[in-house]
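What follows is a short report on a single structure.
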Amino acid sequence: MADRNLPAAGAERSCGRNQKNLAAMIEMVNIFKVFKSPAGEFTVLKGIHACLYPGEFVSVVGRSGSGKSTLVNMLTGIDHPTSGSVRIMDTYPHAMSESRMAVWRGHNLGIVFQFFQLLPMLSLLENTLLPMDFCNRYPPAEREERAMQLLRLVGLEQHAHDLPTAISGGQQQSVAIARALANDPPIIVADEPTGNLDSRAAENVLGIFDSLVEAGKTVLMVTHDRSLAERTHRTLVISDGEFVDEIRRQG
Amino acid sequence: MSSLSAGNLSAEPDHNSQPLLKLRGVVKIYPTATGGFQALKGIDLDVYAGEFVAIIGKSGAGKSTLVNMITGVDRLSAGEVWAGDVPVHQLNENQLARWRGCNVGIIYQSFYLMPTLSLLDNVILPMDMSGAYRGRKSVDRALELLRQVGLEEHAYKLPAAISGGQQQRVAIARALANDAALIVADEPTGRLDSLTAETIYEIFSGLVQAGKTIIMVTHDESLARRVSRCLYVADGEIIPCPVDKEIDKADG
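Chains C and Z, in that order, give the protein sequences. For the first sequence, my numbering assigns the number 1 to the initial residue and increments by one for each residue that follows. For the second sequence, my numbering assigns the number 252 to the initial residue and increments by one for each residue that follows.
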């Protein structure tokens, strides 16, 4: 395919297979990100290497300003690396045009943000349905049933016809997760998904991620909350634009 | 943005024709433990096509409640809201959603763009829901609207990739998607710096010149005094905006 190209020159390291003999699903090789400002250049990511395998629940922790959101932006295509390569499954998203990347992202990445931004005029069901209309994976006749299933998955089926204002912030984030799952993406990327929630609501969101991982999804979650990170299979600690530690908890 | 350039606001609303929006005796009572709180106390208001109306007032005065009555987001306790020949107060939820989708563009303080959809798809969304524009036509129209707010080059980016002011411009493009005659904006500049707020005001001015009608709730009095009509909501009632120093008096 014309969209694919080879990793950038200078990609010295790539991911091998894991213990289950699976190839990496996400491969980041030698990522640098330099922001230019009137005050000079600022290097936010300094040679990031990371390999994520299918079915993993991986957290990235770090202080604010450590580069963790920039790192996520490299995966979601919100921003481009200055150098280095990102491979997600068999695709190098940064080699695509923005319009093709938008389509590819719609199929392959479920993105969850700190601020849920449900559309206030639409019911929870309609909010969940929307992404399906922009990605013809499910036939129109099946979409409503699928949206109801997703709301059931996050425990909000009985509120399906309510407006977002009728439910709590934690519940709104659950709907945002249901919405992110609308097109059944294999990968979920969550940037501080609990940053705006109290600890009980955060716990609930983690529970949803756990069940997604059990169902075979791959989840990458950025958080500043180490107690939540402890619930994941593996934690990458980022500091000053570099991974400084890795904590493995299972398999 | 040439077609939306700001200019004078002398485009004369036509007071001889029927008002675009007519409120009569609008009352809103919220139930409370101690009885009922009367948020709106019998509002009468006519808004004519081509007007740029600002609504100011202290928080809790009833501004947002008033806007919610106009957009049909909330139900009135008594009175009537007419949009042309349409009795908005009598529509059921489904009729309301359809009427709103085609006739009112709503802009919020917090933008409310779908974070997982590109800017283009965010603007196409209302067209998709109303069925007013489909397929290639909806894409072309959305690109044209993004061009009008100066963001065509960012069409395929996610909202998180652009600034708050740019996100609000996308929200304006989205509000225009179905070519609604009426734009209702609730604190559209409330989360923006003053320079960015000015850009939003200029886009609104251009829209009014192009024939749209805008009702804007704002806490920014200097902005409110530059539009064609300024209304002041105090204690559930509505009066023309008092001149500068008289606002405290108006609150009694």
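Idealized CB from N, CA, C, for every residue including glycine.
Check: Which residue comes first and which comes last in the alpha helix (DSSP H) that contains Z:Val494?
Finding: Careful: Z:Val494 lies outside any alpha helix (DSSP H) and carries neither H nor E.
Notebook entry, point to check: Which residues, taken in chain order from the region 396-414 of chain Z, show a beta carbon closer than 7 Å to some beta carbon of chain C?
Noted result: From the region 396-414 of chain Z, only Tyr407, Lys408, Leu409, Ala411, Ala412 have a Cβ closer than 7 Å to chain C.
Notebook entry, point to check: Count the other CB atoms within 10 Å of the CB of Z:His405; is the residue buried (16 or more) or exposed (fewer)?
Noted result: Taking all protein chains shown into account, Z:His405 has 16 or more neighbouring C-beta atoms within 10 Å of its C-beta and is therefore buried.
Item checked: Interface partners of C:Glu157 on chain Z, CB under 7 Å -> Within 7 Å of the CB of C:Glu157, no CB atom of chain Z is found; the nearest one sits about 19 Å away.
Item checked: Amino acids of chain C, ordered along the chain, whose beta-carbon sits closer than 7 Å to that of Z:Ser369 -> Ala102, listed in chain order.
Check: What span of residues does the alpha helix (DSSP H) with C:Pro131 cover, start to end?
Finding: First-last of the alpha helix (DSSP H) with C:Pro131: 124-133.
Check: Tell me which same chain residues have a C-beta within less than 8 Å of the C-beta of Z:Phe303, skipping the five on either side of it?
Finding: The answer, listed in chain order, is Leu260, Phe455, Ser456, Val459, Thr464, Ile465, Met467, Val478, Ser479, Arg480.
Item checked: Status (buried if at least 16 other CB within 10 Å, exposed otherwise) for Z:Asp372 -> Buried.
Margin query: Within the continuous beta strand (DSSP E) that includes Z:Ile294, where are the two ends?
Written below: Counting along the chain, the unbroken beta strand (DSSP E) around Z:Ile294 starts and ends at 286-298.
Check: Short check: CB of C:His224 to CB of C:Arg100, under 8 Å?
Finding: Contact: no.
Check: First and last residue of the beta strand (DSSP E) that includes Z:Tyr281?
Finding: Under the DSSP assignment, Z:Tyr281 falls in the beta strand (DSSP E) whose first and last residues are 272-283.
Next item on the list: Could you tell me which of C:Ser239, C:Asn204, C:Val244, C:Ile188 sits nearest to C:Glu56, measuring between CA atoms?
Entry: Here the closest residue by C-alpha is C:Ile188.
Checklist line | C:Asp245 classed as buried or exposed, judged by whether at least 16 other C-beta atoms fall within 10 angstroms | finding: By the 16-neighbour rule on beta-carbons within 10 angstroms, C:Asp245 is exposed.
Note to self: If you follow the beta strand (DSSP E) that C:Ile111 is in, where does it begin and where does it stop?
What the structure shows: DSSP places C:Ile111 inside the beta strand (DSSP E), whose first and last residues are 109-112.
Next item on the list: Give, in chain order, every residue of the region 346-371 of chain Z whose Cβ lies closer than 8 Å to some Cβ of chain C.
Entry: Per Cβ criterion, the list reads Ala348, Arg351, Ile357, Tyr359, Ser361, Phe362, Tyr363, Leu364, Met365, Pro366, Thr367, Leu368, Ser369, Leu371.
Margin query: Please report the straight-line C-alpha distance between C:Glu12 and C:Ser83, rounded to a whole angstrom.
Written below: Note on C:Glu12: pLDDT 47, under 50, position unreliable in the model; the coordinate value appears next. It is roughly 12 Å from the alpha-carbon of C:Glu12 to the alpha-carbon of C:Ser83.
Next item on the list: Find the nearest neighbour of C:Pro54 within the set C:Arg17, C:Val86, C:Leu45, judged by alpha-carbon distance.
Entry: By alpha-carbon distance to C:Pro54, the top candidate from C:Arg17, C:Val86, C:Leu45 is C:Arg17.
Next item on the list: Please confirm if Z:Leu376 has its CB atom under 8 Å from at least one CB of chain C.
Entry: Judged by the 8 Å Cβ criterion, Z:Leu376 is in contact with chain C.
Notebook entry, point to check: Using the C-alpha atoms, what's the distance from C:Arg152 back to C:Asn204?
Noted result: C-alpha separation (whole angstroms): 14 Å.
Note to self: For a quick check, are the C-beta atoms of Z:Ala432 and Z:Asn319 less than 8 Å apart?
What the structure shows: Contact check for Z:Ala432 against Z:Asn319 fails: the beta carbons are separated by 8 Å or more.
Next item on the list: With DSSP as the reference, please indicate the residues paired to Z:Tyr483 in a beta bridge.
Entry: Beta-bridge pairing links Z:Tyr483 to Z:Ile307, Z:Ile490.
Item checked: Interface residues of the region 442-455 of chain Z facing chain C [CB-CB below 8 Å] -> Those residues of the region 442-455 of chain Z that come within reach of chain C (Cβ to Cβ, closer than 8 Å) do not exist; the list is empty.
Notebook entry, point to check: Can you name the start and end residues of the alpha helix (DSSP H) that C:Asn30 belongs to?
Noted result: Run containing C:Asn30: none in the alpha helix (DSSP H); it sits in the beta strand (DSSP E), 26-37.
Check: For C:Ala229 versus C:Ser59, is the C-beta distance shorter than 8 Å?
Finding: Closer than 8 Å, so yes.
Check: Which stretch, first to last residue, makes up the beta strand (DSSP E) that contains C:Thr235?
Finding: From DSSP, the beta strand (DSSP E) with C:Thr235 extends over 234-239.
Check: When the Cα of C:Pro139 is compared with those of C:Ser168, C:Ser37, C:Ala182, C:Val44, which residue comes out closest?
Finding: Comparing Cα positions, the closest option is C:Ala182.
Notebook entry, point to check: Using a beta-carbon distance below 8 Å, is C:Ile167 in contact with chain A?
Noted result: Absent from the structure is chain A; the protein chains it does hold are C and Z.
Item checked: chain Z contacts from the region 167-194 of chain C (Cβ-Cβ distance under 9 Å) -> Listed by position along the chain: Ala176, Arg179, Ala180, Ala182, Asp191.
Check: Interface residues of chain C around Z:Asp379 at Cβ under 7 Å?
Finding: The contacting residues are Asp133.
Check: How big is the Cα-Cα spacing for C:Asn5 and Z:Ala334?
Finding: Residue confidence is low: C:Asn5 scores 45 on pLDDT, short of 50, so the model does not pin down where it sits. No coordinate-derived value is stated.
Margin query: Which residues in chain Z have a C-beta closer than 8 Å to the C-beta of C:Leu130? List them in chain order.
Written below: Result: Met365, Leu368, Leu376.
Checklist line | chain Z contacts made by the region 114-128 of chain C, where a contact means CB separation under 9 Å | finding: Against chain Z - using a Cβ distance shorter than 9 Å - the residues of the region 114-128 of chain C are Phe115, Phe116, Gln117, Leu118, Leu119, Pro120, Met121, Leu122, Glu126, Asn127.
Checklist line | chain Z contact residues for C:Ile26, given Cβ-Cβ distances below 8 Å | finding: Per Cβ cutoff of 8 Å: no residues; C:Ile26 is ~18 Å from chain Z at best.
Next item on the list: Given a cut-off of 8 Å, decide if Z:Gly401 and Z:Thr447 are closer than it, judged by their beta-carbon atoms.
Entry: Cβ atoms of Z:Thr447 and Z:Gly401: not closer than 8 Å.
Next item on the list: For the alpha helix (DSSP H) containing C:Ser199, list its first residue and its last residue.
Entry: C:Ser199 -> alpha helix (DSSP H) spans 199-214.
Note to self: Considering only DSSP beta bridges, list what C:Phe243 is partnered with.
What the structure shows: Paired residue(s): C:Ile238.
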